[in-house]
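Protein chains: 2
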Amino acid sequence: MDGASAAKPNKRVTITDVARHAGVSTAAVSKVMRNAYGVSEAMREKVQAAIDDLGYRPHAAARGMRGRTYTIGVLLDNVRNAFFADILDGIRDELRHTDYTVLIGAAGFDPEEQARTIRSLVDRQMDGLILIAPGTPRAEVLDTAASTPTVVIGHHDASDTYDSVVDADDLGAGLVVDYLVSLGHRDIALVSAPGTRANKWKRTPEAVLSEGYLHAMQRHGLDRLARVQHTAYSDDGGFKAGMTLLTADRPPTAVMTGADVAALGVYRAAHELGLRIPRDLSLVGYNNTALAALAPVQLTSVDQAGHTMGSAAARMLVERVESRRDRAMQTTMTPRLVVRSTTSAPQGR
Amino acid sequence: MDGASAAKPNKRVTITDVARHAGVSTAAVSKVMRNAYGVSEAMREKVQAAIDDLGYRPHAAARGMRGRTYTIGVLLDNVRNAFFADILDGIRDELRHTDYTVLIGAAGFDPEEQARTIRSLVDRQMDGLILIAPGTPRAEVLDTAASTPTVVIGHHDASDTYDSVVDADDLGAGLVVDYLVSLGHRDIALVSAPGTRANKWKRTPEAVLSEGYLHAMQRHGLDRLARVQHTAYSDDGGFKAGMTLLTADRPPTAVMTGADVAALGVYRAAHELGLRIPRDLSLVGYNNTALAALAPVQLTSVDQAGHTMGSAAARMLVERVESRRDRAMQTTMTPRLVVRSTTSAPQGR
DNA sequence: CAGAGCGTGTAAAACGTTCTCCACGTCGAG
DNA sequence: CTCGACGTGGAGAACGTTTTACACGCTCTG
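Protein chains in written order, with this note's numbering: chain A, 1039 to 1387; chain B, 1039 to 1387.
Shown next as structure tokens:
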């Protein structure tokens, strides 16, 4: 009524507008948009001209009612983990020149909230889902995957309904143990994430990492010295784990962790206890995130090729979405040790 | 035809199913879902029971055709900046117990790709948009805001179509300069992001920061010593800026940067030149991200209350979406200096 | 006791696409 | 010349919601 500028002034250009402008049917326009079969070159050009003229952009919600929405959903527990940023970059680069848009749902660590986020993505008609180390019960993921193409990153549990991309975390652990042993360490501890509760994932990254660590220690005849401290992958979690380990009767001379950020928590604990790194304690992270390379940090770590994992996941997902493949598959990446300045031979006792 | 497990087995439960199950019309169910006016208590209970029975979840795409989609879109240039993670957490916490879902579009730094991402969000019928320091031309943002409620975080340029949330970056710069001067520094340089090109944002965070820095230097009679080095906010960008500054004829005794990660790049440059921190060079970051607090880092920084900024943005946006407010508004947060171990009195010459 | 007004529920028309048919014209084979 | 096949375009029915407009029955007022 009054002169106040309202919210929605100019209406959207719809497919009907384009059809009218080009003097053809909406069906024809739709075909051109999706470059479907059954349209002549002349028609394509005419319609394309109309589209450009009017600046038409398809209405995704309307598309979602019938066909695809050209949107890929990514579930993430934790935006802070720089490793996930690498994965995200990989996904984005792979999809950059396609029609797909990537939308990220950041859910936090709570399994219930993660489940809610996954449902949100499904309800919004994502064409496909990439779940990064989901904490939701496996049954829910299987359920989702039954109706929407899904790629799971991280968990080693394979399935015939979803695809997966994993790092050979067992090899990664072996790499670290071998290296530390070669430096002369024997008393090597692992800081890993807490085990999965009742959510039915048997082979989480942390479980496989622990397994690889234990095997490697065994291989070197050091099983009696092996010990795993469970904690959250955060600065604080690492700090607590570090405190526990380093104030024990016989503290380790080297600590490896399942995440770079946790390693820096251990670093803080060591510092507070007056230990110098690497003189008094060797420290190894995991994931080789940007964090590890920082000048004041210089953390020895294990590189997981997050970017490659992300692009592999995106490629696999699109294959499924466009039903060019109907069999589940699993991609495994090989980790690589990156030595920096937080590791050295143990001080003689 | 064959026994191979197909993609979509069980159909979704729709509003029609619920209506039939409850013996009412779909309109009634719709009203209950949106708790709209005109439904009796008895009706509400009956319908709610049917919803629970069937596990009904509304189809967001279908909703988007007519009404709202209960989705908030967030545009982010860079997942790696930990400061943005704080903002995201604030948004999420604010919206946790509402019906809204937050979806993030990670666009990277390229303005064209950012514009594409914004369009994607609009096409997907987001109810509202939160743009974190967008690099797209201001005109485009105004255009978007004309049809979709929008909150801009970072840029100080106000508008009567979008709301904004900013940090008083000029005060922040003043805080740092005052502190460094009080320690005895005079030769203080600033590392800031490159100026905006032709995109018409006049008062970007970096512009306001530079302004505040220059004023503060002037206030202390140090304007002749002021110098601003422009670079990307990344480890590498900081490194290059640091190299330039520290190899100059008369290198500064203190460097402040517009982002923590850039400060760590300067740190690396200093290290490479054999300078010790804070003895030979005092270093101050900005944003007080988790990075700054890390044990090996201990960077003096300026805290911006990202979490609070995020929740403020979310609150403002929801007010707009639910049209409880029709006037643009701007929220400004006050920064706070956090002193750690990268700053000290300059070494006498 | 008529009629206005209110509270509650429903029918049905959007919303902007996709996609299945079907019609039409042309061309080649017989 | 006829018939079938093929290539191209269009009509119209979905898809699952929201929302408008209205019908119905009740209560209250005068």
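Ideal Cβ positions, reconstructed from N, Cα and C, are used throughout, including at glycine.
Own chain residues within Cβ distance below 7 Å of residue i, not counting five before or after
| i | result |
| --- | --- |
| residue 1195 of chain B | 1176, 1239, 1240 and 1241 |
| residue 1064 of chain A | 1053, 1054 and 1057 |
| residue 1271 of chain B | 1231, 1296, 1297, 1299 and 1300 |
| residue 1227 of chain A | 1265, 1267, 1283, 1290 and 1293 |
CB contact check: residue i to chain A, cutoff 8 Å
| i | result |
| --- | --- |
| residue 1424 of chain B | Here chain B comprises residues numbered 1039 to 1387, so residue 1424 of chain B is not present and cannot be evaluated. |
| residue 1341 of chain B | no |
| residue 1201 of chain B | no |
| residue 1309 of chain B | yes |
| residue 1373 of chain B | no |
| residue 1144 of chain B | yes |
| residue 1149 of chain B | no |
| residue 1163 of chain B | yes |
| residue 1229 of chain B | no |
| residue 1056 of chain B | no |
| residue 1117 of chain B | yes |
| residue 1232 of chain B | no |
Proximal residues to residue i (C-beta, below 8 Å), its chain only, five neighbours per side dropped
| i | result |
| --- | --- |
| residue 1312 of chain A | none |
| residue 1382 of chain A | 1221, 1316, 1317 and 1320 |
| residue 1108 of chain A | 1098, 1101, 1137, 1138, 1139 and 1165 |
| residue 1129 of chain A | 1110, 1112, 1140, 1168, 1348, 1349, 1351 and 1352 |
| residue 1247 of chain B | 1207, 1208, 1210, 1211, 1228, 1230, 1296 and 1324 |
Short CB-CB distance (under 8 Å) between residue i and chain B
| i | result |
| --- | --- |
| residue 1281 of chain A | no |
| residue 1324 of chain A | no |
| residue 1096 of chain A | yes |
| residue 1103 of chain A | yes |
| residue 1158 of chain A | yes |
| residue 1107 of chain A | yes |
| residue 1139 of chain A | yes |
| residue 1362 of chain A | no |
| residue 1085 of chain A | no |
| residue 1242 of chain A | no |
| residue 1305 of chain A | yes |
Classification of residue i by the beta-carbon crowding that lies within 10 angstroms, buried from 16 upward
| i | result |
| --- | --- |
| residue 1372 of chain A | exposed |
| residue 1344 of chain B | buried |
| residue 1135 of chain A | exposed |
| residue 1189 of chain A | buried |
| residue 1049 of chain A | exposed |
| residue 1377 of chain B | exposed |
| residue 1244 of chain A | buried |
| residue 1256 of chain A | exposed |
| residue 1314 of chain A | exposed |
Straight-line gap, residue i to residue j (C-alpha atoms, nearest Å)
| i | j | result |
| --- | --- | --- |
| residue 1307 of chain A | residue 1368 of chain A | 38 Å |
| residue 1250 of chain A | residue 1339 of chain A | 16 Å |
| residue 1324 of chain A | residue 1080 of chain B | 57 Å |
| residue 1341 of chain B | residue 1385 of chain B | 27 Å |
| residue 1187 of chain B | residue 1358 of chain B | 6 Å |
| residue 1277 of chain A | residue 1336 of chain B | 15 Å |
| residue 1133 of chain B | residue 1115 of chain B | 22 Å |
| residue 1282 of chain B | residue 1267 of chain B | 8 Å |
| residue 1280 of chain B | residue 1203 of chain B | 31 Å |
| residue 1379 of chain A | residue 1265 of chain B | 34 Å |
| residue 1208 of chain B | residue 1150 of chain A | 42 Å |
| residue 1198 of chain A | residue 1191 of chain A | 15 Å |
| residue 1374 of chain A | residue 1375 of chain B | 40 Å |
| residue 1179 of chain A | residue 1288 of chain A | 43 Å |
| residue 1126 of chain A | residue 1216 of chain B | 40 Å |
| residue 1273 of chain A | residue 1363 of chain B | 41 Å |
| residue 1090 of chain A | residue 1051 of chain A | 11 Å |
Cβ-based neighbour list, residue i, same chain, cut-off 6 Å, excluding 5 preceding and 5 following
| i | result |
| --- | --- |
| residue 1082 of chain B | 1070 |
| residue 1329 of chain A | 1120 and 1298 |
| residue 1060 of chain A | 1084, 1085 and 1088 |
| residue 1044 of chain B | Because residue 1044 of chain B sits at a pLDDT of 35, beneath the cut-off of 50, its placement in the model cannot be relied upon, and the point is left open. |
| residue 1370 of chain B | 1204 and 1206 |
| residue 1040 of chain B | The predicted model places residue 1040 of chain B with a pLDDT of 33, which falls under 50 and marks its position as unreliable, so this point remains unresolved. |
Near the ligand SAM: residue i beta-carbon under 7 Å from a heavy atom
| i | result |
| --- | --- |
| residue 1191 of chain A | The model on display carries no ligand, and the ligand SAM is accordingly not part of it. |
Whole alpha helix (DSSP H) elements within the segment 1193 to 1276 of chain B, 4-residue minimum: Taking 4 residues as the minimum length, the alpha helix (DSSP H) runs contained wholly in the segment 1193 to 1276 of chain B are 1207 to 1221 and 1243 to 1257, in order along the chain.
Completely contained alpha helix (DSSP H) runs for the segment 1325 to 1373 of chain A, where each covers 4 or more residues: 1328 to 1331 and 1344 to 1359
Contiguous alpha helix (DSSP H) assignments of at least 4 residues, all confined to the segment 1089 to 1146 of chain B: 1098 to 1104 and 1120 to 1133
Uninterrupted alpha helix (DSSP H) stretches inside the segment 1064 to 1091 of chain B (no shorter than 4 residues): 1064 to 1071
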